[in-house]
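**Student:**
Now the structure itself:
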C-alpha cells in the first residue's frame with residue numbers, strides 16, 4: 001500500500017450500499033471493501049467503507065504497526081506497515097501506545113467483541129447513510145405528531161410544552177437530515193437521525209404522560225343539581241354536580257372556583273354581608289371550605305368516582321337583610337396533584 | 001476667530017436651555033390629582049329630605065351634610081354645598097360639576113363601576129310610610145295589595161317594588177320626594193316607599209305621617225359619598241376618616257341630632273342604622289364590593 005493519499009473516490013462509491021463503479025477483479029483500491037473482504041490494518045482503523053479518507057494512513061495506523069510489531073504476532077495479510085509507520089529495527093524504543101486505542105475497532109485483534117462491534121457499526125452506518133433512510137426520521141416525527149393530534153388531547157396547551165418542544169426538535173432535525181445532500185459525514189447524519197428519533201420518542205412519551213395527567217377543564221359541565229338561585233335568607237343552599245361523563249377520565253382532585261355576587265347589580269350591595277361555605281357531599285373525602293369569591297377551592301376526589309356533588313351554603317353575617325345572592329361556578333378543573 | 005465667541009455663547013446657551021428643561025421635567029408634579037388642595041370642595045346634597053338633606057334659609061342641614069362636613073374638616077378642607085336631584089347624582093360626578101355627592105346615595109355594584117364611594121356612613125332598610133290614620137289597617141306588605149304606592153325617580157325602591165314578588169302592589173313614580181309626600185297627604189297615594197331613614201326624616205316634618213316598622217322591602221341600602229374615580233387617593237383619605245368617625249361616638253351624636261325620629265322611636269337604632277367600620281373597607285374606593 002502506498003503511503004500517499006489514496007485516489008479520490010467517486011461520490012457514489014463513498015456511500016455504503018451504493019453500486020459505484022465496480023473495481024476490476026484483483027484491483028481493489030485502498031480502503032475499498034466492496035469485495036466483502038475484511039479490511040486489513042491498512043488505512044484508518046475502524047474507518048471502513050464510507051469515509052472519504054479511508055485508506056489514508058493515520059496516526060493509529062502507525063501505532064498499529066508499532067504495536068503489532070512489538071507485542072503481538074501480526075496475522076497473515078494484516079497489512080504491511082506503511083511508510084510512516086515502518087521503523088527500522090533498532091532505531092530506538094517504540095512510541096508509547098495505549099492498547100485500548102489500538103485494539104478498538106481493529107478487526108484483526110483477537111477476541112470476538114471488537115469484530116462484532118465493528119460489524120454492528122458498519123450495519124448501522126449503512127442504514128443511516130442509505131438514501132432511503134433520509135426520510136425516515138422526519139416521517140417518524142410527523143407520524144407521531146399526527147397520531148398525537150388524532151387522540152384529541154385535553155387540557156391547556158401549556159401542559160404539552162415539553163411534548164411540543166420535543167416535536168419541534170424531532171421535525172427540525174429530521175428536516176435538516178433530509179435537506180443535507182452534499183457530502184454528508186456519517187457523524188453529522190447519524191447525529192441528526194439520532195436526535196430526531198430520540199426527540200420523537202421523548203415527545204411521544206411526554207405526550208402520553210401529559211395526556212394521562214393533564215388538567216381537564218369541566219367548567220361548562222358543572223350542573224346546578226339542587227337549590228335555586230338567587231340564594232336568599234330562606235333558600236340559602238345550592239348544589240353543584242359533575243356526572244360520569246365529566247369524570248370519565250380519572251383525576252385526583254377538583255379545583256373549583258366560585259363567584260359570589262349580588263344577584264342584581266343595580267340593587268344595593270349586599271353580598272358583602274354574607275359568607276359562603278362549600279361542602280363536598282359526594283365523590284371524595286368530606287370537606288368543608290370557606291368560599292372566597294374568585295378564589296379556587298381544591299377538593300380531593302375518590303379514585304374512580306363517577307359523581308361529585310358540592311353544596312354551597314350562604315349565611316348572612318347580619319340576618320334578616322334579604323340579600324339576593326348569585327353563586328356561580330366560573331371554573332372547574334379536574335387535575336392530578 | 002471673531003465668530004468663535006458667539007458660537008461658544010450659543011453652545012453654552014443651548015446647554016443651559018436643555019439643562020433647564022430637564023430640571024423642569026424632573027421637578028414636574030406626577031402626583032395624582034387631588035381635590036382636597038382646593039379651598040372649597042363642592043358637595044351635592046339633597047334639599048328636600050328633612051333629617052338627611054334639607055335646605056332652609058340657604059343653609060343645608062341633615063345627616064348627609066353633617067357627615068360630609070365632618071370628613072372634609074378632618075382632612076383640612078371645607079365643603080361648599082348645593083342641591084342635586086336624585087336622578088342626577090351620578091351625572092354631576094361624571095361631569096365634574098360636583099366634587100362629592102352626599103345625598104342618601106346607595107352604594108350598588110353598578111354604580112361602583114363608574115364612581116368611587118366613601119362609605120357606608122349609614123345603613124337603612126327600604127320601607128313604606130303611610131298616614132297615621134291608616135296605621136291600624138296597614139301593618140304588613142300584604143295590606144298594600146291593590147293600593148297605590150308612590151316612589152320617585154332615582155329611588156331604588158321603585159325597581160324593588162316592580163319585582164314579581166310585589167306584583168299586587170300598584171307602584172307609580174314621580175319626579176321627586178315632595179310630590180310623593182303631597183300625594184300621600186292628599187290621599188292620592190296610600191303609601192310612599194323609599195329608604196326608612198328618609199321616611200323617618202319626613203315624619204319629623206310631617207307628624208301626621210308614620211313609618212310602618214313591620215314592612216321592609218328588599219335588601220338594606222348603604223349610603224356612601226360619591227367621588228370621581230380619579231380622586232382615589234382622596235377617597236382613601238376620606239374613608240380612613242370615616243372609619244375613625246364610626247369607631248368613635250360622634251356618629252351616634254350626629255345621627256340622633258339629625259334624625260331624632262329614629263333615635264326616639266326605633267329600638268336598637270345604632271345596630272340597625274350604623275354600619276360597621278369593617279364594611280367601609282369592603283365598599284369604599286373600590287370598583288366592586290369585596291367578596
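Residue numbers (UniProt numbering), protein chains in the order written: chain A, 1 to 337; chain B, 1 to 291. C-beta: ideal position from N, C-alpha, C; glycine also. As the structure is a computational prediction, the values presented were derived from the model and not from experiment.
Jot down the residue ranges of each uninterrupted alpha helix (DSSP H) in the stretch 53-90 of chain B, minimum 4 residues, whole runs only, in chain order.
**Tutor:** 63-74
**Student:** How many Å lie between residue 72 (chain A) and residue 118 (chain A) at the Cα?
**Tutor:** Note that residue 72 (chain A) has pLDDT 40, beneath the 50 cutoff, so the model's placement of it is unreliable and no number is given.
**Student:** List the residues of chain A whose Cβ lies closer than 9 Å to the Cβ of residue 159 (chain B), in chain order.
**Tutor:** 264, 266, 267
**Student:** Per DSSP, which one or two residues make a beta bridge with residue 223 (chain B)?
**Tutor:** B:106, B:122
**Student:** Assign residue 169 (chain B) to one of three DSSP states: helix, strand, or coil.
**Tutor:** In the three-state DSSP reduction, residue 169 (chain B) falls in the coil class, being neither helix nor strand.
**Student:** Can you give the beta carbon distance from residue 190 (chain A) to residue 123 (chain A), rounded, assuming they're within the 8 Å contact cut?
**Tutor:** So it is not a contact: roughly 13 Å between Cβ atoms.
**Student:** Residue 180 (chain A) to residue 157 (chain A), Cα distance in whole Å?
**Tutor:** 33 Å
**Student:** Closer than 6 Å by C-beta to residue 241 (chain A): which residues in its own chain qualify, once you throw out the five before and the five after it? Chain order, please.
**Tutor:** 223, 225, 309
**Student:** Is it buried or exposed for residue 262 (chain A), if we count other Cβ within 10 angstroms and need 16 for buried?
**Tutor:** buried
**Student:** Do the stretch 72-82 of chain B and the stretch 110-119 of chain B touch if we need at least three Cβ pairs shorter than 8 Å?
**Tutor:** Remark: fewer than three beta-carbon pairs, one from each stretch, lie closer than 8 Å, so the stretch 72-82 of chain B and the stretch 110-119 of chain B are not flagged as touching.
**Student:** Do you know how far the Cα of residue 253 (chain B) is from the Cα of residue 37 (chain B)?
**Tutor:** Roughly 29 Å between the two C-alpha positions.
**Student:** Taking the beta strand (DSSP E) that residue 259 (chain A) falls in, what are its first and last residues?
**Tutor:** 253-262
**Student:** Excluding the five sequence neighbours on either side, which residues of its own chain have a C-beta within less than 7 Å of the C-beta of residue 144 (chain A), listed in chain order?
**Tutor:** Setting aside the 5 residues that flank it on each side, residue 144 (chain A) is surrounded in the same chain by 200, 203, 204, each with a C-beta closer than 7 Å to its C-beta; the list follows chain order.
**Student:** Just to confirm, is the Cβ distance from residue 294 (chain B) to residue 243 (chain B) under 7 Å?
**Tutor:** Limits of chain B in this structure are 1 at one end and 291 at the other, which puts residue 294 (chain B) out of reach.
**Student:** Between residue 325 (chain A) and chain B, is there a C-beta pair that is closer than 7 Å?
**Tutor:** Taking Cβ atoms only, chain B never reaches closer than 7 Å to residue 325 (chain A), which makes this a no.
**Student:** Closest to residue 287 (chain B) by CA distance: which of B:149, B:139, B:230 is it?
**Tutor:** Comparing Cα-Cα distances from residue 287 (chain B) to each of B:149, B:139, B:230, the minimum goes to B:230.
**Student:** Of all the CB atoms in chain A, is at least one closer than 7 Å to the CB of residue 275 (chain B)?
**Tutor:** no
**Student:** Considering just the uninterrupted stretch of the alpha helix (DSSP H) at residue 271 (chain B), what are its terminal residues?
**Tutor:** 269-273
**Student:** In the DSSP output, what is residue 125 (chain A) paired with across the bridge?
**Tutor:** None, per the DSSP bridge assignment.
**Student:** When DSSP labels each residue in this structure, what does residue 305 (chain B) get in the three-state scheme?
**Tutor:** Summary: the structure shown does not reach residue 305 (chain B), with chain B confined to residues 1 through 291, and so no result is reported for it.
**Student:** Please check the pair residue 219 (chain B) and residue 328 (chain A), which I expect to be a contact at CB under 8 Å, by giving their CB distance rounded to whole angstroms.
**Tutor:** Not really, about 19 Å apart at Cβ, beyond 8 Å.
**Student:** Quick check on residue 213 (chain A): does DSSP put it in helix, strand or coil?
**Tutor:** It is helical.
**Student:** Go through its chain and collect everything with a Cβ distance to residue 132 (chain B)'s Cβ below 6 Å, but skip five positions before and after it.
**Tutor:** 208, 210
**Student:** Could you list which residues in chain B have their beta carbon closer than 9 Å to that of residue 271 (chain A), in chain order?
**Tutor:** 109, 289, 291
**Student:** May I ask you to list the residues that DSSP assigns as paired with residue 131 (chain B)?
**Tutor:** B:209
**Student:** Is there a C-beta anywhere in chain B that falls below 7 Å from the one on residue 293 (chain A)?
**Tutor:** yes
**Student:** Only counting runs of 3 or more residues, tell me where the beta strand (DSSP E) segments fall wholly within the stretch 279-316 of chain A, in order along the chain.
**Tutor:** 287-291, 296-300, 308-316
**Student:** Assuming the contact rule is C-beta atoms closer than 8 Å, residue 252 (chain A) and residue 316 (chain A) should be a hit. Round their C-beta distance to whole Å, please.
**Tutor:** Not confirmed; about 35 Å, so no contact.
**Student:** Which one or two residues does DSSP pair with residue 41 (chain B) in a beta bridge?
**Tutor:** B:79
**Student:** What distance in whole Å lies between the Cβ atoms of residue 215 (chain B) and residue 140 (chain B), which are believed to be in contact at a cut-off of 8 Å?
**Tutor:** 6 Å
**Student:** Is the stretch 261-278 of chain B touching the stretch 121-137 of chain B in the sense that three or more CB pairs, one from each, lie closer than 8 Å?
**Tutor:** Contact holds: three or more Cβ-Cβ distances are below 8 Å.
**Student:** Please list, in chain order, the chain A residues whose beta carbon lies closer than 7 Å to that of residue 156 (chain B).
**Tutor:** 267, 268
**Student:** Can you check whether the C-beta of residue 322 (chain A) is within less than 7 Å of a C-beta belonging to chain B?
**Tutor:** Answer yes: the Cβ-Cβ gap between residue 322 (chain A) and chain B drops below 7 Å somewhere.
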